[in-house]
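Protein sequence lines correspond, in order, to chains A and B.
With my numbering, letter number 63 in the first sequence gets 48, and the count goes up by one each step, no holes.
With my numbering, letter number 62 in the second sequence gets 47, and the count goes up by one each step, no holes.
Structure, as structure tokens:
Number of protein chains: 2
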Amino acid sequence: MIADFESFKIELSLSQTEICREIYRANPDSIRIKKEHVAVPNLVRIIDSTLRLTRRKGFHAMSLRDLSADCGLSIGGLYAYIRNKDDLIHLVQSHGFLLTRRTLAHYTHDTPDPLQRLLAVVKAHVYLSELLQPWFYFSFMETKNLPRRHKQAAIAIEQEVESVVHGIMAEGVTSGRFRAIDIRLLAAVSKAMMQDWYLKRRKYTNYEVGATQYAEFVGSVLQRYLID
Amino acid sequence: MIADFESFKIELSLSQTEICREIYRANPDSIRIKKEHVAVPNLVRIIDSTLRLTRRKGFHAMSLRDLSADCGLSIGGLYAYIRNKDDLIHLVQSHGFLLTRRTLAHYTHDTPDPLQRLLAVVKAHVYLSELLQPWFYFSFMETKNLPRRHKQAAIAIEQEVESVVHGIMAEGVTSGRFRAIDIRLLAAVSKAMMQDWYLKRRKYTNYEVGATQYAEFVGSVLQRYLID
DNA sequence: GTCTATAGCATGATAGAC
DNA sequence: GTCTATCATGCTATAGAC
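Okay, structure coming up:
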């Protein structure tokens, strides 16, 4: 069970620096800087700038000149952290994958009741995409442009989320707690609703709807459909 | 009330040629070809190629050389139909706008019962996005990269769809046919579910789910939430 | 490790032949 | 109306100074 957004945030310990340290250690091929205390802060800025600039114009339209100006490194300096522009995608993608897997696993292990587990997963996903909104947006929008490997990895993690939801629903149906309906379609539209939170973030801000309210609303729609 | 997909298709008379004829007549500034019988078939190919190539790599990554090779016109010939690359976006956008407005207006005028009208709108939108899948996908993915004017037009039409859904729900609540719930959020997630049909078209093909089945499923989720 | 300068290339757009 | 040839620009990526 997830208490509230603030607790979630703290529990996840989403320090940008910490994440970038993991990325640094996981990518010695592309990052040719030896000293961790030098590399990590620069990585934070590079990834941050990439997400911001890509959001505006798309990844292809972002030039490395723009990026170097925004993150404060020169073009040459930038190329000590990546071998080419595509490496940037990989750097950005990797920590999102990491955190999504970690979070979903965490919130599906300790709740026995299927309905409660389902609501917890929905809330965890909304909260996670709230904290990593730029990343989720980037990942969704740029997936189709990725080289094959990265593309498959991105599709795989999307499918994993849907599978988790589907698995919970299947268990609920089997145990008789949920109605016997087309749970594959319901899992698919569940994901569509969760996605809308980060794809249309600005709209919901205008509506003055918060993450908790949205997650609980989606939960209530699912609950009403699953239970008589 | 919409009977079935085939009737819908015929009623809309979605001949690519016909649509491109309208586009040709609406854009004398960018299209400098005088003879309609020459211009229209070329326009069909240009728009078709643009949608296909953009789908693969994104609009920015599609070069005009790629496009000219794909549509069979030379670079120079292409520039008789557009003044610059951004004109291409406008050509592609315009007929989608036209058809979306026309279709929604048509299916919200003749059904008095709010529930039936809601289900009709959902089905009409799913059917429309099934017929114009490449266009809907393009519009969603490229909106953020558009110059201001086109961007606002694209956001406006999205908002119109949501408003139509919201209006129907409001009427149902007022007349006591629907439960009094947060219909603004429900309208928002309705749109999210409708969008998923064209954003994840391939997934639903793999699931062997058709447009009618999907529309009716979304309708049943909404109906169950709105009615006791 | 980071910078400046630049090579090498692909792109959007145009001019003029046919 | 459509083509081929070409221009100017802006891009990714690299080399070498510090």
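Every residue, glycine too, gets a C-beta built ideally from N, C-alpha and C.
Item	Value
What first and last residue would you give for the alpha helix (DSSP H) that runs through His22 of chain A?	Glu21 to Lys42
Are the stretch 125 to 139 of chain A and the stretch 0 to 10 of chain B touching by the rule of at least three beta carbon pairs closer than 8 Å?	no
Enumerate in chain order the residues of its own chain whose CB-to-CB distance from Met154 of chain B is below 8 Å, with the five nearest sequence positions on each side excluded.	Pro99, Leu103, Phe163, Ile168, Leu171, Ala172 and Leu211
Using only CA atoms, which one of A:Thr93, A:Met47 and A:Ser124 lies nearest to Gln78 of chain A?	A:Ser124
Got a sec: which bits of the stretch 21 to 50 of chain B sit with their beta carbon under 7 Å from any beta carbon on chain A, in order along the chain?	Lys42, Gly43, His45 and Ala46
Using the Cα positions of Leu84 of chain A and Ser148 of chain B, report the straight-line distance between them to the nearest angstrom.	36 Å
Using the three-state DSSP reduction, which class does Ala46 of chain B fall into: helix, strand or coil?	coil
Which bits of chain A does Asp167 of chain B rub up against, with CB to CB less than 7 Å?	Phe202
Whole angstroms are fine: how far does the CA of Gln180 of chain A sit from the CA of Phe44 of chain A?	20 Å
Pop quiz: Tyr74 of chain A and Ser15 of chain A are said to be a contact at Cβ under 8 Å. What is the actual Cβ separation, rounded to whole angstroms?	A quick correction: the sequence has Ile, not Tyr, at residue 74 of chain A. Ile74 of chain A to Ser15 of chain A, Cβ: 11 Å. No contact.
Strictly below 9 Å CB to CB, what residues from chain B border Ala65 of chain A?	Per Cβ cutoff of 9 Å: no residues; Ala65 of chain A is ~26 Å from chain B at best.
So, with DSSP's three-state summary, where would you put Thr93 of chain A?	coil
Should Met154 of chain A be flagged as near chain B, meaning a C-beta pair shorter than 7 Å?	no
Could you run through the stretch 129 to 145 of chain A and flag, in chain order, every residue whose CB is less than 8 Å away from some CB of chain B?	Lys129 and Asn130
How far does the alpha helix (DSSP H) with Ile140 of chain B in it extend, from its first residue to its last?	Arg133 to Thr159
Can you tell me the Cα-Cα spacing of Ser114 of chain A and Gln101 of chain B, whole angstroms?	35 Å
Residues of chain A with CB closer than 8 Å to the CB of Ala109 of chain B, please, in chain order.	Within chain A, no residue comes near Ala109 of chain B; the closest Cβ sits about 18 Å away, beyond 8 Å.
What three-state label does DSSP hand Arg162 of chain A in the structure shown?	coil
Give the range of the alpha helix (DSSP H) segment to which Glu(-9) of chain A is assigned.	Phe(-10) to Leu(-3)
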